[in-house]
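To keep things clear, I will list the structure first and then write my remarks on it.
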Amino acid sequence: MKRLIAGFLFGGFFVLASAQRDSIYLQAKLEQDLRTLNVTQELRYYNKTDSAQTEVQLLNWIAAYKNRGTPLYDRKIEDRNKELHFAQPQELGKLKTLEVKTDLSEITSPADLNSENLYIQLAQPLQPGASVKLLLKYQLQLPLAKFTGYGMSEQNIALKYFFLVPDSFAEANGNERRFLDIEETANHSTHWTVNLDLPTDYHSKSNLTELHPNYYTGLLKADPEFLISFNIYPTLTFQTGGVQTKVDFGYRLEAEEQQHLKNKIPQQLEYLQSKTGLVPSKIFISEKFRNKEDFFGNDDIAFWKFRFPLFTPEENADLDYFSIISKNILEQGLITNKDDDHWFKNGIKTYLELQYLKKYYGDHKLLGQLTEASIIGIKPLKLFHASRLKLIERYGIAYQYMMTQNLDQKVDEDFKDLSNFNEMTVSNFEMGSLLNFVAEKMGTSEFEDFLSEYLQSNAAQQIDTGHFLDRLAMRSHYSSVFLDKLMSRKHRVNFNLKKFKRADGNLEVTVRKNTYDPVPFKLETISEQGGTKTHWFGTPEHPSQDVYIVPEMDADKIVINSGHFFPEKNFRDNYLYTKGLFSNMKKIKLKLIKDIPNPEYNEIYLNPRLTFNAYDKVLLGLNFRNESLFNHKFAYSLTPYYSTGTGQITGSGSVTYSIMPPESFFQSLNMGVSGSYFHYDYDLSYRKFTASASINFAKEPRSAISRSLGVSFNHYEKDLTPEMIFENEYNRYNLWNVNYAFADNGLIHEKFFGAYVQGMQDFNKVAAEATYRYEYAANKKIAFRLFAGYFLNNKTRNEIFDFGISRVSNYSFSYGLLGQSATSGLLSQQFIMADGGFKSLIDSTANQWITSLNVDSHIWKMFNIYADAGMYKNRSADPKFIWDSGVKVRIIPDFLEVYLPVYSTLGFEPSFKDYAQRIRFTLVLNLSAVINTARRGWY
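Residue numbers (the working numbering): 3 to 941.
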């Protein structure tokens, strides 16, 4: 009885405390420099905890705008954004001054105004449910908007997260929150009154209700946002179900786009009201919010001077703004802790998007109207499976791509720890697909009734996502009970359609499930005429292989979870034919060029290949492989070439098997065998056979650090001339390698370390290489490379296995040399950065040990300077010190680069008569490097 009374007392206190909302009255004057904001603020703060407070915590997130040492800086570097790193002090933001007092007494202001969390000490403890009025007067230096989209830009001043506010998600353990620019909520459920004093001719917009120009008020479940501009931006007003909604835009709209929005937004608002019951009176769309939340995948394809639209301008406007407005309504209508419960709003938004697409874009293709593009009457994209995929299948395809790479993350991962791509594919696409799956199982109308009821009844308080999942499980008769566990790990659910047989007028279908989660599945039978019948089956709480009875006989095809309906591990085992030659098996299909795989077939991809070397000349080939855009556990690749230089068939092939556990200390374990046959000199061929294994260790998804360990055994056979046989050249040998690599591809500081042990019957050697590249100014880098190699023993018969000084010996046939055996002529001048890495032709090899330091620095546009120095020792000779220097010309970066030696151990090289023969070049036959350079622009 006492526990019951205590429960009522606590519940009554909680309701009372919840009803007591904080309020903020704020006067802000923007000075003529548009960077200084003087603020006078009254904060009525309530103690909503169950214990007395001696201090009030305020978020001072403008202090995050520093160019070193803040979580915001670290995140921007992870996002490959270096604006903060190279920012000037005057471009950053800060809290310059602060005065604090209460309505009862003076208070000492915090000493450190550079902290993102300020603690205001109270003169006396603040009891639960009691309030205190804080009077704040402070001055802000606004940052430039180029860092986060908030602050001052050429056209606007955007204000968000700059004012001092209580942390609405403050934890009792005292953990501090820092600004990360992930659109997290700092303060919610506060009543705001804001009076802006702006320079002449400047106007403002806000997500608050405007009572008269620059004067705003209202209760917000998110943070206030203001846009100040010399420009006047459009406003549209709509009537939906008796509610008038004003949509304010923080950017210009073209007349055509504005007309499309007038036609489409009423439809969108009516649709969202019917699904969620939420219709606001005000929607403010900033340029940043538009760019972040618009529809992904409908942009025109731009190539050089040409543009290929996927959708009409009206369709683009509809798709973009449905995504934008649905997220905006959820953001301002519901209270969630984004870091913990990001999937709630994102998943619901994606679910609503899916249903909208089903209703209005059900027949639209993933590639839109591009599939109908024709060239001389031929529609080439019709050859691709991607052209037949529906637009609504994009969600499952994007998530499955990440899963096959083993780069996905669990749904309930903290938002700040999600990679940028997983923010979309996991938090949005996967969760939305799961909700859609549950909705179809329990009935879409039943699910949407539940969703609307739940959102409206919980709109006034912070959403408890655990409670949401519990209520959904009960409403769905526990068909959704699997969600909680599925979201807590990187799942690999897979349904394998093993076989079928006909019996007593039914189909007896055997299905294997690999998980302990009781996930239901949808089985469809498709007749020859295209008629489809749908059946749902539940599964036990353990891995199983069960027979399911399907009451029909006239089915041509059986499919589980068609159309990338459920985010499962592998769709390739979800199809079976019931008639003809391929009954109980999959058909084989040949495909040209890469494509999104069609899980209905065993596909073999045929890709034309063209390459070149000095001995085979032009090589014309055709690659056969079973992999396309998605990785397979078992992969093969076979590429026969016709050598125009020899008239022979050459080529290469490989078979690999990959193990990629979802949660382990390694990301992938790859094992394989390969072989190749080409020519290394005129009329001389080599044959290479390799067995290898490599392990890529698991990495943090947002980290740039990767590690790998590999081992390989290689067998080589070479044709020899009589002279080579006389000189006792190797015609066959075996090499084994063990190598380790560490890479940190940081934006400003790039680091690499690699080491290997290599051996054969006549030698064993070890070597290590370390590289450090530093961007010391915007787009200017300097690189240092240190190499050291040592022979543990060396009984070789010639120099072929020695460390290279200025040329590498390609005895492993692993470098892309166009002239493997060239000792003179243009091809002999090809440079590969390996071993000693010297560009000047000083000496050839080292058969005992070598160390070298290579330095390369950008100076202007395509020009770099380089310098190399090192020592090496040959047997029966003294150590020797050498050096060189010169200019590197990056004609096409990463494709064609030329080294012009200047000074070296040999002297002033441009004065040598054979200087043209001393010029070195790198040439990597990689078309993507050319395309990437053209896309980003030269220099």
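Each residue gets a CB set at the ideal place from its N, CA and C atoms; glycine is no exception.
Which same chain residues end up closer than 6 Å to Glu777 when comparing Cβ atoms and leaving out the 5 residues on each side of it in sequence? Sequence index remark: in the sequence shown, residue 777 carries index 775 (1-based). Cβ contact annotation for Glu777 (same chain, cutoff 6 Å, sequence separation greater than five): Ile750, Lys783, in chain order.
Between Glu530 and Glu259, what straight-line distance do the alpha-carbon atoms span, to the nearest angstrom? In the sequence shown, the residue the question calls residue 530 occupies position 528. In the sequence shown, the residue the question calls residue 259 occupies position 257. For Glu530 and Glu259, the gap between their C-alpha atoms comes out near 44 Å.
Please state whether the Cβ-Cβ distance between Ser2 and Leu198 is less than 7 Å. Nothing about residue 2 can be reported from this structure: the residues present for the chain run from 3 to 941 only.
Skipping 5 residues on each side, what residues in its chain have a beta carbon closer than 6 Å to that of Val926? By one-based count along the sequence shown, residue 926 stands at place 924. For Val926, where only same-chain residues beyond five positions count, the Cβ hits under 6 Å are Phe897.
With a cut-off of 8 Å on the beta carbons, I'd call Trp577 and Val561 a contact; round off their distance for me. In the sequence shown, counting from the first residue as 1, residue 577 sits at position 575. In the sequence shown, counting from the first residue as 1, residue 561 sits at position 559. Checking the sequence shown, residue 577 turns out to be Tyr, not Trp. Rounded, the Cβ-Cβ distance is 6 Å, consistent with contact.
Any chance you could list the beta strand (DSSP E) runs of at least 3 consecutive residues sitting entirely within the segment 126–209, in chain order? Fully enclosed beta strand (DSSP E) runs of no fewer than 3 residues occupy 133–143, 158–161, 192–199, 205–208 of the segment 126–209, in order along the chain.
Less than 7 Å between the C-beta atoms of Arg734 and Glu719, yes or no? In the sequence shown, residue 734 corresponds to position 732, counting from 1. In the sequence shown, residue 719 corresponds to position 717, counting from 1. Yes, these two residues count as a Cβ contact at 7 Å.
Need the endpoints of the alpha helix (DSSP H) that Lys277 sits in, please. On the sequence shown, position 275 is the one that residue 277 refers to. Lys277: member of the alpha helix (DSSP H) spanning 257–278, first to last residue.
Beta-carbon gap between Asp837 and Gly806 smaller than 7 Å: Residue mapping note: residue 837 aligns to position 835 of the sequence shown, counting from 1. Residue mapping note: residue 806 aligns to position 804 of the sequence shown, counting from 1. At a Cβ-Cβ threshold of 7 Å, Asp837 and Gly806 count as neighbours.
Could you have a look at Thr373 and say whether DSSP puts it in helix, strand or coil? For the purposes of this step, residue 373 is identified with residue 371 of the sequence shown, where counting begins at 1. Reduced to three states, the DSSP call for Thr373 is helix.
Could you check the C-alpha separation between Lys701 and Phe417 for me, to the nearest Å? As a first step, residue 701 must be located in the sequence shown, where it is residue number 699. As a first step, residue 417 must be located in the sequence shown, where it is residue number 415. Going by the C-alpha atoms only, they are around 17 Å apart.
For Ile64 and Phe228, the rounded distance between their alpha carbons: Translated into positions along the sequence shown, residue 228 becomes position 226. Translated into positions along the sequence shown, residue 64 becomes position 62. Distance between the alpha carbons of Phe228 and Ile64 is about 15 Å.
Beta carbon of Asn300, beta carbon of Leu274: below 7 Å? For this step, residue 300 is matched to residue 298 along the sequence shown. For this step, residue 274 is matched to residue 272 along the sequence shown. No, these two residues do not count as a Cβ contact at 7 Å.
Hey, which unbroken runs of the alpha helix (DSSP H) at 4 residues or more fall wholly within the segment 715–784? Taking 4 residues as the shortest admissible run, the segment 715–784 contains the following complete alpha helix (DSSP H) segments, listed from N- to C-terminal end: 724–728.
Please give me, in chain order, every unbroken run of the alpha helix (DSSP H) with length at least 4 that falls completely inside the segment 632–688. Correct list: empty.
Please report the distance separating the alpha-carbon of Asn766 from that of Asn795. Taking the first residue of the sequence shown as 1, we reach residue 766 at position 764. Taking the first residue of the sequence shown as 1, we reach residue 795 at position 793. So the alpha carbons of these two residues sit roughly 6 Å apart.
Alpha carbon of Pro542 to alpha carbon of Pro522, nearest angstrom: The sequence position of residue 542 within the sequence shown is 540, counting from 1. The sequence position of residue 522 within the sequence shown is 520, counting from 1. Going by the C-alpha atoms only, they are around 9 Å apart.
Does the separation of the CB atoms of Phe149 and Leu86 fall below 7 Å? The residue labelled residue 149 in the question sits at position 147 within the sequence shown. The residue labelled residue 86 in the question sits at position 84 within the sequence shown. Cβ distance < 7 Å, so Phe149 and Leu86 count as in contact.
What does the alpha-carbon distance come out to for the pair His717 and Asp683? The residue you call residue 717 lines up with position 715 of the sequence shown. The residue you call residue 683 lines up with position 681 of the sequence shown. Answer to the nearest angstrom: the Cα atoms are 19 Å apart.
Stretch-stretch touch, CB-based, cutoff 8 Å, three pairs: the segment 213–223 with the segment 238–254: Judged by Cβ distances under 8 Å, the segment 213–223 makes no contact with the segment 238–254, as fewer than three pairs qualify.
Spatial neighbours of Lys635 within its chain, please: CB distance less than 6 Å, with the 5 preceding and 5 following residues excluded, ordered by chain position. Mapped onto the sequence shown, residue 635 falls at position 633. In the same chain as Lys635, and ignoring 5 residues on each side of it, the C-beta atoms closer than 6 Å to its own belong to Ser660, in chain order.
Within 10 angstroms of its Cβ, does Arg937 collect 16 or more other Cβ (buried), or is it exposed? Position 935 of the sequence shown, counting from 1, holds the residue named residue 937. Caution applies to Arg937, whose pLDDT of 49 falls short of 50 and renders its modelled position unreliable; the value that the coordinates give is listed next. So Arg937 ends up on the exposed side.
Can you pull the DSSP bridge partners for Met873? Here residue 873 is taken as the residue at index 871 of the sequence shown, counted from 1. Note: Met873 sits in a beta bridge opposite Thr853, Phe883.
Indicate the three-state DSSP secondary structure (helix, strand or coil) for Lys581 in the structure shown. Along the sequence shown, one-based indexing puts residue 581 at 579. Lys581 falls in the coil class under three-state DSSP.
Give the DSSP bridge partners of Glu101, in chain order. Numbered from its first residue, the sequence shown carries residue 101 at position 99. According to DSSP, which records beta bridges pairwise, Glu101 is partnered with Lys139.
Are the CB atoms of Ile834 and Val857 nearer to each other than 7 Å? Sequence index remark: in the sequence shown, residue 834 carries index 832 (1-based). Sequence index remark: in the sequence shown, residue 857 carries index 855 (1-based). Contact: no.
Please name the residue, chosen from Ala616, Arg627, Phe614, Val620, that lies closest to Asn604 on a Cα-to-Cα basis. By 1-based counting over the sequence shown, the position of residue 604 is 602. Cα-wise, what sits closest to Asn604 is Arg627.
Measure the C-alpha to C-alpha separation of Pro703 and Met405 and round it to an integer number of angstroms. Working through the sequence shown from its first residue, we reach residue 703 at position 701. Working through the sequence shown from its first residue, we reach residue 405 at position 403. Answer to the nearest angstrom: the Cα atoms are 13 Å apart.
Give me whichever residues DSSP pairs with Pro610 in a beta bridge. Locating residue 610 in the sequence shown gives position 608, where the first residue counts as 1. BP columns for Pro610 point to Leu624.
Would you mind working out which of Gly243, Gln126, Asn119 sits nearest Ser170, comparing C-alpha positions? Locating residue 170 in the sequence shown gives position 168, where the first residue counts as 1. Nearest to Ser170 by alpha-carbon distance, out of Gly243, Gln126, Asn119, is Asn119.
Going by DSSP, which residues form a beta bridge with Asp858? Position 856 of the sequence shown holds residue 858. For Asp858, which the question treats as bridged, DSSP gives the partners Ala785, Tyr868.
Give me the Cβ distance between Phe452 and Leu471, rounded to the nearest whole Å; I'm assuming they're in contact under 8 Å. On the sequence shown, residue 452 is found 450 positions in, with the first residue counted as 1. On the sequence shown, residue 471 is found 469 positions in, with the first residue counted as 1. In fact, because the Cβ distance is near 12 Å, the residues do not count as touching under 8 Å.
How many Å lie between Lys31 and Phe755 at the Cα? Mapped onto the sequence shown, residue 31 falls at position 29. Mapped onto the sequence shown, residue 755 falls at position 753. Between the alpha carbons of Lys31 and Phe755 lies a gap of roughly 54 Å.
For Leu146, does the count of other Cβ atoms within 10 angstroms reach 16, so buried, or fall short, so exposed? Position 144 of the sequence shown, counted from the first residue, corresponds to residue 146. The residue in question, Leu146, is buried, as its Cβ has 16 or more Cβ neighbours within 10 Å.
Can we say the segment 867–875 touches the segment 816–827, given the rule of at least three CB pairs closer than 8 Å? The segment 867–875 is not in contact with the segment 816–827.
How big is the Cα-Cα spacing for Gly647 and Leu612? Position 645 of the sequence shown, counting from 1, holds the residue named residue 647. Position 610 of the sequence shown, counting from 1, holds the residue named residue 612. So the alpha carbons of these two residues sit roughly 14 Å apart.
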